[in-house]
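The sequence shown begins at 49 in this note's numbering and counts up one residue at a time. Glycine included, C-beta positions come from ideal geometry on N, C-alpha and C.
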Amino acid sequence: MSSETIDDQLRELLPRLKRFALWLTHDGSRADDLVQSTLERALSRWHTRTTDAVRPWLFAIAYRLFLDQQRRARRYARVLEFFRGRAQIEARSPSAEHVAIEHAIIRALKQLPEPQRRLLLWISVEGLSYREVADILRVPVGTVMSRLSRARAALRRCAEGHTMRVTVSTLGKQREKEQHISQ
């Protein structure tokens, strides 16, 4: 395979890889670093690739590099805390341009376990096939299908539960205000 063909394939997949890295890291600069590390690893091991499907191969590299970074970060967290003091967790405020349903879906996604979120992202957002996801996770296609079914059901339950909590909570506060005013 010529270097031009490799460049073309990588250039075509770069926006998707960047989106995936951004979803994993929730930080633009960390996502850029992850994409760069992924491409470096992919190019250095291009000749060892056992599949013609470049997209799932790249996503698997990115995901494994991300996991390695997470493990490394946890390992050094105590040392960093000692030298820097306790790190403050940034509160992520949702952007004003999202509609209420998108907020509910995002909150529901955050309630799901990481493997279910990852599976939904790969299949629903990135458009990977069941076979590609099965290759990334090294499991049978049927396992991907059953896990996806459970992930979708869990997402529905979380979204409905969240909507119900917001509604009940909002109604309860409204009733408390009405009772307070009538007294």
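When rounded, the separation of the alpha-carbon atoms in P163 and Q118 is 15 Å. In terms of CA proximity to R59, L106 leads the group L106, R186, S194, L72. Only buried fits R103, as 16 or more other CB atoms lie within 10 angstroms of its CB. A direct Cα-to-Cα measurement between Q57 and D100 gives close to 11 Å. In the pairwise beta carbon analysis, the region 61-68 is classified as touching the region 161-177: at least three pairs are separated by under 8 Å.
About 6 Å separates the Cβ atoms of L160 and A202, confirming a contact at the 8 Å cut-off. Ranking A79, C206, A207, L87 by CA distance to the CA of I54 puts L87 first.
Between Q84 and R93, the alpha-carbon positions lie close to 14 Å from each other.
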